[in-house]
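In this text, residue positions in the sequence shown follow my numbering: the first is 2, and each later residue adds one.
Ideal placement from N, C-alpha and C gives every residue a C-beta, glycine not left out.
Notes to accompany the following structure.
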Amino acid sequence: MAQPAPVYDCEDSGIVLRYGSRGGCVYVVQSLLNIMYNAGLVEDSSYGPATTTAVRQFQARYGLTVDGIFGPKSWAALSGAYYNMVHGWPY
């Protein structure tokens with residue numbers, strides 16, 4: 002299994018994740034969607050159908066384009082929500 006990477010490192014890298022992606026940044030997305038939104042994902046570092054569905058739900062929640070592709074706007078929304086969670090603000 003790939004090692005998890007900090008959410009801000011993934012966001013800053015400019016990586017775009019989509020169905021078929023693998024690695025530490027996929028793990029970060031899966032883990033944070035589970036922690037913050039109870040997504041029920043297996044944290045296996047593999048961007049499969051369940052991760053795509055959870056990302057689409059996340060994108061809809063934040064008014065983003067619902068395409069299942071985790072790009073810059075999705076990273077910004079996730080890192081912002083994570084920041085708010087860590088600092089006790091509503092998300």
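If you ignore the 5 residues before and after ARG19, its C-beta comes within less than 6 Å of the C-beta of ILE70, all in its own chain and listed in chain order.
SER47 carries a strand assignment under DSSP once its states are collapsed to helix, strand and coil. A distance of 7 Å or more separates the beta carbons of ALA55 and LEU65. In the three-state reduction of the DSSP assignment, LEU42 falls in the coil class, being assigned neither a helical nor a strand state. Only exposed fits VAL17, as fewer than 16 other CB atoms lie within 10 angstroms of its CB.
According to the DSSP assignment, PRO73 belongs to the alpha helix (DSSP H) that extends over 73-87. Straight through space, the alpha carbons of PRO7 and CYS26 are spaced by roughly 8 Å. Following the DSSP letters along the chain, one finds TYR9 inside the alpha helix (DSSP H) bounded by residues 8-14.
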